[in-house]
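This report refers to the structure that appears directly beneath it.
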Amino acid sequence: MRVDIFSLFPQVFNPYMEVSILQRAIQNGLVEVYSHNIRDWAIDRHHTTDDVPYGGGGGMVMKVEPVFAAVEEILGIPTKCPLILMTPQGRLFNQKTAYEFSNLDHLAILCGRYEGIDERIRENLVTDEISVGDYVLTGGELPALTVLDAIVRLIPGALGDPDGAQDDSHASGLLEYPHYTRPPEFRGSRVPEVLLSGHHAEIARWRREQAIKRTLERRPDLLRKIELSDKENKYINNLLDEG
Ligand code: JFT
929 MRVDIFSLFP
939 QVFNPYMEVS
949 ILQRAIQNGL
959 VEVYSHNIRD
969 WAIDRHHTTD
979 DVPYGGGGGM
989 VMKVEPVFAA
999 VEEILGIPTK
1009 CPLILMTPQG
1019 RLFNQKTAYE
1029 FSNLDHLAIL
1039 CGRYEGIDER
1049 IRENLVTDEI
1059 SVGDYVLTGG
1069 ELPALTVLDA
1079 IVRLIPGALG
1089 DPDGAQDDSH
1099 ASGLLEYPHY
1109 TRPPEFRGSR
1119 VPEVLLSGHH
1129 AEIARWRREQ
1139 AIKRTLERRP
1149 DLLRKIELSD
1159 KENKYINNLL
1169 DEG
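Under my numbering, the letters of the sequence shown match residues 929 to 1171, in that order.
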């Protein structure tokens, strides 16, 4: 997969790409990431990338010409691959969208700054508008890294683990079961006996029940979206009766 990122702060992507899973995926040739500085395509003497809004009001707006020049030079005309705009007004990013994007062999991400981008960029260049959540950041760079990380770890081989991402929170539609590692007792707090038992079927059952219990307690909205077995529904009804 190839990912092109357009930003006024392309250097912010490097430190994160040099650690983490992204680095291994890049080294293994599973993904190529190029971050481009939109300012390099601003042709006036001051390399201007923003301007005052028509109609007045505060703040600045990202200019249309440098973004078009950057995107058209890198992606071609007409642009062949999806161009995702990170924006608080986009649809909420989730695991399903991450899977969809991870199947692309080329995608591009546009990160804005200031109060936002000239609407004509959105109308004529952008194919998808995505937000990472209902909170306010100062620009699209952190959302872009979030989306990039979520996508790259789904590329087969990126996790360096044959089971890959299948156990993840949200892959099954449930939150994850609790994790433990050595020692078996720490300051009087013990690892659940079943995990020490070596009983694989019982461990699997315990984990599934814990995942359901957690999801019921913390994210009941998720439970309504997935199919459970009759046994699992009985387990939920028992939990609800107890509580
Ligand atoms: C914020 C953003 C996302 C996402 C793109 C651009 C300018 C600053 C801003 C803040 C509030 C209202 C503009 C951006 C995001 C998120 C993405 C821009 N700003 N208008 N903030 N929070 N979840 N995705 Cl361009």
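By construction, the Cβ of each residue, glycine as well, lies at the ideal position given by its N, Cα and C atoms.
Keep in mind it's a predicted model, so treat the numbers as computed, not measured.
From the options, residue whose alpha carbon lies closest to that of residue i
{"i": "Pro981", "options": "Arg1110, Glu1047, Asp932, Thr1109", "result": "Glu1047"}
{"i": "Leu1011", "options": "Arg1115, Ser1100, Ala1139, Ser935", "result": "Ser935"}
{"i": "Ala1026", "options": "Glu1001, Asn1052, Ala1072", "result": "Ala1072"}
{"i": "Met929", "options": "Gly983, Val947, Leu1065, Asn956", "result": "Asn956"}
{"i": "Arg1050", "options": "Ala1078, Asp1077, His1034, Thr1015", "result": "Thr1015"}
{"i": "Ile966", "options": "Lys1024, Ser1117, Ser1100, Phe937", "result": "Phe937"}
{"i": "Glu1043", "options": "Arg1118, Ser1157, Val989, Leu1144", "result": "Val989"}
{"i": "His1107", "options": "Gly1116, Asp1096, Gly1101", "result": "Asp1096"}
Any non-hydrogen atom of the ligand JFT closer than 7 Å to residue i Cβ
{"i": "Pro981", "result": "no"}
{"i": "Pro1016", "result": "yes"}
{"i": "Pro1071", "result": "yes"}
{"i": "Arg1041", "result": "yes"}
{"i": "Ser1059", "result": "yes"}
{"i": "Ile1045", "result": "yes"}
{"i": "Tyr1063", "result": "yes"}
{"i": "Thr1066", "result": "yes"}
Bounding residues of the alpha helix (DSSP H) (the contiguous stretch that carries residue i)
{"i": "Phe1029", "result": "1023-1030"}
{"i": "Ile1079", "result": "1069-1080"}
{"i": "His1128", "result": "1128-1146"}
{"i": "Glu1051", "result": "1047-1052"}
{"i": "Asn965", "result": "First-last for Asn965: 960-965, but that is the beta strand (DSSP E), not the alpha helix (DSSP H)."}
{"i": "Ala953", "result": "948-955"}
Residue i, buried or exposed, once every other Cβ within 10 Å from all chains shown has been counted against 16
{"i": "Glu1069", "result": "buried"}
{"i": "Pro1062", "result": "First, the residue type needs correcting, since residue 1062 is Asp and not Pro in the sequence shown. Result: exposed."}
{"i": "Lys991", "result": "buried"}
{"i": "Ala1132", "result": "exposed"}
{"i": "Gly1040", "result": "buried"}
{"i": "Ser963", "result": "buried"}
{"i": "Arg1081", "result": "buried"}
{"i": "Ile971", "result": "exposed"}
{"i": "Phe1114", "result": "exposed"}
{"i": "Leu1168", "result": "exposed"}
Run of the beta strand (DSSP E) containing residue i, from where it starts to where it stops
{"i": "Ser1059", "result": "1056-1059"}
{"i": "Met1014", "result": "1011-1020"}
{"i": "Phe934", "result": "930-935"}
{"i": "Leu1038", "result": "1034-1038"}
Residue-chain proximity (residue i, chain B), Cβ-Cβ < 8 Å
{"i": "Met945", "result": "The chain labelled as chain B is not found in the depicted structure, where only one protein chain is given."}
Extract the residue ranges of the beta strand (DSSP E) inside the region 967-992, only unbroken runs of 3 or more that lie entirely within it. Within the region 967-992, no run of beta strand (DSSP E) reaches 3 residues while sitting entirely inside it.
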